Every structure is written in C-alpha cells, then in structure tokens.
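The opening position of the sequence shown corresponds to residue 421 in our numbering, with each subsequent residue numbered one higher.
See below for the structure under consideration.
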Amino acid sequence: MSSDAFTPGIVPGRLDETDYEAQFSDLHPPLDPHEALVAADRCYFCHDAPCITACPTDIDIPLFIRQIATGTPDAAAKTILGQNIMGGMCARVCPTEQLCEEACVREAAEGKPVLIGQLQRYATDHLQGQGVHPFSRAETTGKTVAVVGAGPAGLSCAHRLAMLGHDVVVYDAQPKAGGLNEYGIATYKTVQGFAQSEVNWLLEIGGIRIEYERALGREETLDGLRDAYDAVFLGMGLGGVNALHAEGSEKEGVLDAVDFISELRQAEDLAQVPVGRDVVVIGGGMTAIDAAVQAKLLGALNVTLVYRRGRDRMNASVFEQDLAARKGVRLVTHAVPGAIIGNGAVREIEFDYVDDRMKPTGQTLRLAADQVFRAIGQTLEGEGLPDLEGGKIAVKDRGRTSVTGVWAGGDCASGGDDLTVTAVAEGRDAAMDIHTALTSAAG
421 MSSDAFTPGI VPGRLDETDY EAQFSDLHPP LDPHEALVAA DRCYFCHDAP CITACPTDID
481 IPLFIRQIAT GTPDAAAKTI LGQNIMGGMC ARVCPTEQLC EEACVREAAE GKPVLIGQLQ
541 RYATDHLQGQ GVHPFSRAET TGKTVAVVGA GPAGLSCAHR LAMLGHDVVV YDAQPKAGGL
601 NEYGIATYKT VQGFAQSEVN WLLEIGGIRI EYERALGREE TLDGLRDAYD AVFLGMGLGG
661 VNALHAEGSE KEGVLDAVDF ISELRQAEDL AQVPVGRDVV VIGGGMTAID AAVQAKLLGA
721 LNVTLVYRRG RDRMNASVFE QDLAARKGVR LVTHAVPGAI IGNGAVREIE FDYVDDRMKP
781 TGQTLRLAAD QVFRAIGQTL EGEGLPDLEG GKIAVKDRGR TSVTGVWAGG DCASGGDDLT
841 VTAVAEGRDA AMDIHTALTS AAG
C-alpha cells in the first residue's frame, strides 16, 4: 500500500467493496457479433478513404470493415495487425474521435462516424481470443538487435524484426513488459489484464527475449549494446517528470500522476488504493484526464483538473474532456499554480488566472486539496544518448539517430505526438529500415 494511506485525508476504501468493479468496468463494452455486423454495414467502403490517411499506421480500414461485414473477422484482424501489431490495444486507447473517425465520411455527412475503433477491437479480440498468431518468422538471418524499452514502440519494432528473421533482445527497466500500456493508461480502458495478454500473444512470433529490470544508463550502456549487437533501437519512453515550479511543491500529498495511475494499474485490490477527499490535478493531457477520472471513480468527493490554457489547447481530446466532466470532474482553465499551502502536507493550492498570452490577470483561485497530482509532461532520462532535439532523441528518415547503427522511436524520439498508435508506427518503420540496413550490409 502507498505511504499516502497514512496522510490525513488520503485513505483507501472510500467506496463499498462491491462498487469498485462497476466503477472501473470497461469504458467501451465490446460489440457482439450482431452489433459488429450492423456497425460494419454503415461503412461506405470509400475507394480513397480519408480514414486510412488519418490512421498513423495506415491500416486499410474499409477493407477490414468489409471483411467483418462478410463474416470473416479473423481476416479483418490480419489486415489490421499486418500494419499495427498492437491493434487490440490501440482499438481501446487510440483517440479515434480525433483520427480515423473524425475523417470518416459518415461523420462529415451525419455527425455520426462508423465505429472504427470498436470494430477494430471486435476483429482483433476475435482472433487473439483463439490464441492464434497470424504471422510466422522468416528464416533466421543470424543478425541480432537490441531493443531498449518494452513499450509500444519497442515491442512493435521487436515483433517486425523477429518476423523478418532477426533475433531480438528487449531490455526494459520494469518487471513487466508493456510500457505505458501496462503502467500508464487508465484501468477502465484496459480491463482484465489485456495489456499483458497482448504482450504474451505478440511474443508467440518467437525470436524475442525480454530482459526485465535492466535500464539504459543503469545496467546497460549504449556503447555496450552497440558492441554486442548488430543494431540498437531505443524506445524507452520518457522516465522523468517535469517539476512543478510552485512554492510548497515539496509538501506531502503532492504526487506524480503517472505514479498514481501505475499504482492503480498494478493494484490487486482497488479498495486498497488511497485517494484524497479533495483532489487537484494539474495538466491538460491524457495523463491528467486519466488521473482525475480515476480519482473520482475511487471515491474522491471533489476532483478539479486545472490547465494553464483554454480547453481548445488541451492535448486531451474533446471526448476525454467530456468524459471527465460526465464523471464529475471540474475543469478549470487559464490558471497556473502559484503556491501550495499547508503545514507539512498540502491543504490548499492557490492558482493565478492568466489570459491567452499567459499573462496574469490579477485574479486568483484557491482550492481545498489534500492530494495534488502533477501531470505537466515527462522528460527523457539517460546518459550517453544520441543527439537531442527539444529534449528528445533527434531522428530522421525512419528513426535513424546521430549514432550509426542506432534507431529510436516512440515518446523518447523527436517529432512524435505521444500516442500509442504513433509509437507502434515508428517502431514498425524503424524495424523495416534496420532490416534493410542489416541485409544490405550482409549482401
């Protein structure tokens, strides 16, 4: 149990034991076969479908929906997984309302898109539920590749490399694989241990070994990996958290939102996860929304999410913002933290209101708070890394870094948008470029 359980006001068990399962049930219950057929029938099967262009992994969406409509969901799953090996997770967490579904012709014509995300989940769940792995390894190439990070980018890269016949060793700092899929996504989005079941299914391709609790800069060095392997892919994500520059930010009860989410994800009993009565979350991205909603679901009486700009500038989608509001989270915008007040532990937090140019208006807001979560962005950690750009590893082409034989992708690399689906695409594309480099060298 977290030490926060001993902080006054931050306690476990705010709900009746029987309420937790209902509170943290599946956000989008899966479609049944009839519902899937009805949803698939709404697709126009556009020839030059804008939904494909909007998908970071370039899935042929009309094709897989047609395959569902014709009663072949396993073929649909293979269409999806051929482009996005983590299509099951992406179907659950991808902001489809901002990507493929926003581009859907039905959305433009009727304001009601085809349920692309739910149909993708239907197909991938159908295949993976049978324990079937639709891909097989090519003949071994004799080449070995080190992948740092067992998150979406790293696993996507590892799977594609293994499928092409290379032997892959994945190094991860955590005791479980999955990265943010396992540790950093709201519990109600990935119920019933799906993240680990997807990892186990992905590893059935063979040729991939995972070394747990081995981090770059701690047990491993980039130079050491370069010496030991034919190529290296860096996909370790962002391990640090931006500091909260406000007076009193060191007080007890001021925590990182990512740690709170991780604790929930790993909890065997949600009733044992402590939460405050008055919770304030600072930030405007998906992590902030996930932390705020889950604090409310755990039984916090008042949960307020505070963001420094307007709602139109929040990284969290409109759907996620509306979800938070529906769950009872109060959204406050154009406010920055000024001081955290309390005798040892946080009791209140004061914000300064700002205008669109981030200039103080002279007005303030003071909120009662016994628990404050920082969700103001993460930072790259590590030594001896390739050249950086904007605090991340600089990449060009298909993830090539400034160091020969080293590629990078996902949240730790520049140019991305911190989405699971984008990380998967970057890992896949880097794997293809690594394969080209290794086979060209061999030839």
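Every residue gets a Cβ at the ideal spot worked out from N, C-alpha and C, and that includes glycine.
Please read these numbers as outputs of a predicted model, since none were measured by experiment.
Own chain residues within Cβ distance below 6 angstroms of residue i, not counting five before or after
i, result
"Gln791", "Ile430, Gly673, Gly696, Val699"
"Tyr591", "Val568, Glu631, Arg634, Glu640"
"Asp494", "Leu547"
"Gly668", "Ala759, Ile760"
Backbone secondary structure at residue i - three-state DSSP
i, result
"Gln550", "coil"
"Leu457", "helix"
"Arg794", "strand"
"Pro493", "helix"
"Phe444", "coil"
"Phe771", "strand"
"Gly762", "coil"
"Glu527", "helix"
"Ala851", "helix"
"Asp436", "coil"
"Gly507", "helix"
"Thr799", "strand"
"Gln783", "strand"
"Arg685", "helix"
"Arg697", "coil"
"Ser422", "Unreliable placement is indicated for Ser422, whose pLDDT of 45 sits below 50; the coordinate value is still reported in the next sentence. Coil."
"Leu575", "helix"
"Arg541", "helix"
"Ile430", "coil"
Alpha carbon of residue i to alpha carbon of residue j, nearest angstrom
i, j, result
"Asp468", "Leu684", "42 angstroms"
"Asp849", "Glu521", "24 angstroms"
"Ala720", "Arg746", "15 angstroms"
"Arg767", "Arg750", "18 angstroms"
"Glu803", "Ala566", "17 angstroms"
"Ser737", "Thr707", "12 angstroms"
"Arg434", "Phe680", "16 angstroms"
"Gly491", "Gly655", "37 angstroms"
"Arg877", "Gln714", "What the structure shows of the chain is the stretch from 421 to 863, and residue 877 is not part of that stretch, so it cannot be assessed."
"Leu622", "Ala712", "31 angstroms"
"Glu559", "Ala615", "29 angstroms"
"Met852", "Leu584", "9 angstroms"
"Gln538", "Ile485", "11 angstroms"
"Asp874", "Ser834", "Any answer about residue 874 is impossible in this case: the structure gives the chain only from 421 up to 863."
"Thr473", "Thr516", "13 angstroms"
"Pro428", "Gly507", "43 angstroms"
"Phe653", "Lys671", "39 angstroms"
"Ser422", "Pro694", "Only weak support exists for where Ser422 lies, its pLDDT of 45 falling under 50; the coordinates are left without a value."
"Gln783", "Asn735", "25 angstroms"
"Thr856", "Thr842", "21 angstroms"
"Gln443", "Val826", "44 angstroms"
"Tyr542", "Asp452", "8 angstroms"
"Thr824", "Ala648", "14 angstroms"
"Arg729", "Ala765", "27 angstroms"
"Arg794", "Gln692", "22 angstroms"
Option nearest residue i by Cα separation, candidates the options
i, options, result
"Gly811", "Ala495, Ala687, Met852, Val661", "Val661"
"Leu575", "Ile481, Thr499, Val726, Gly627", "Gly627"
"Asp732", "Leu725, Thr561, Gln741", "Gln741"
"Asp676", "Val701, Ala666, Gln686", "Val701"
"Val552", "Glu624, Leu690, Gly847", "Glu624"
"Thr796", "Pro428, Ala828, Gly704, Gly782", "As written in the sequence, residue 796 is Ile, which differs from the Thr given in the question. Answer by Cα proximity: Gly704."
"Thr499", "Leu725, Thr544, Arg777", "Thr544"
"Thr859", "Gln798, Arg728, Asp650, Ile813", "Asp650"
"Ala489", "Thr821, Val458, Leu805, Gly819", "Val458"
"Asn722", "Arg728, His586, Arg729, Ala744", "Ala744"
"Met509", "Val844, Thr821, Thr561", "Val844"
"Ala529", "Leu808, Val693, Cys463", "Cys463"
"His586", "Lys596, Arg557, Ala593, Ala606", "Arg557"
"Met778", "Arg794, Gly762, His754", "His754"
"Cys524", "Cys471, Pro572, Phe555", "Cys471"
"Ile868", "Asn620, Gly764, Ile813", "No answer is possible for residue 868: it lies beyond the span of the chain, which begins at 421 and ends at 863."
"Leu645", "Leu535, Ala789, Leu805", "Leu805"
"Leu800", "Val815, Phe555, Lys596, Leu658", "Leu658"
"Gly562", "Ala582, Phe555, Ala788", "Ala582"
"Tyr727", "Ala578, Glu618, Ile709, Gly571", "Ile709"
Same chain, Cβ closer than 8 angstroms to residue i, neighbours up to 5 away in sequence not counted
i, result
"Ser445", "Tyr608, Val611"
Sequence-distant residues of its chain with Cβ nearer than 7 angstroms to residue i (five each side left out)
i, result
"Lys532", "Arg526"
"Ser682", "Tyr603, Gly604"
"Cys475", "Ile481, Leu519, Cys520"
"Pro757", "Leu664, Ala666, Ile702, Ile769, Phe771"
"Ala383", "The requested residue 383 does not occur in the structure, where the chain is confined to residues 421 to 863."
"Pro450", "Arg541, Tyr542, Asp545"
Residue i: CB within 7 angstroms of a non-hydrogen atom of the ligand GDP
i, result
"Ala850", "As presented, the structure is devoid of all ligands, the ligand GDP included, so that no description of it is given."
(message) Quick check on the DSSP output: what are the complete beta strand (DSSP E) runs of length 3 or more inside the segment 579 to 658, in order along the chain?
(response) The segment 579 to 658 contains, as complete beta strand (DSSP E) runs of 3+ residues, the segments 587 to 591, 628 to 631, 651 to 654 (chain order).
(message) If we require 4 or more residues per run, which alpha helix (DSSP H) segments fall completely within the segment 463 to 490?
(response) The DSSP assignment places complete alpha helix (DSSP H) segments of no fewer than 4 residues inside the segment 463 to 490 at 470 to 474, 481 to 489, in order along the chain.
(request) Return the chain-ordered ranges of every beta strand (DSSP E) run that is complete within the segment 713 to 754 and spans a minimum of 3 residues. (result) Within the segment 713 to 754, the runs of beta strand (DSSP E) at least 3 residues long that lie entirely inside it are, in chain order, 722 to 726, 750 to 752.
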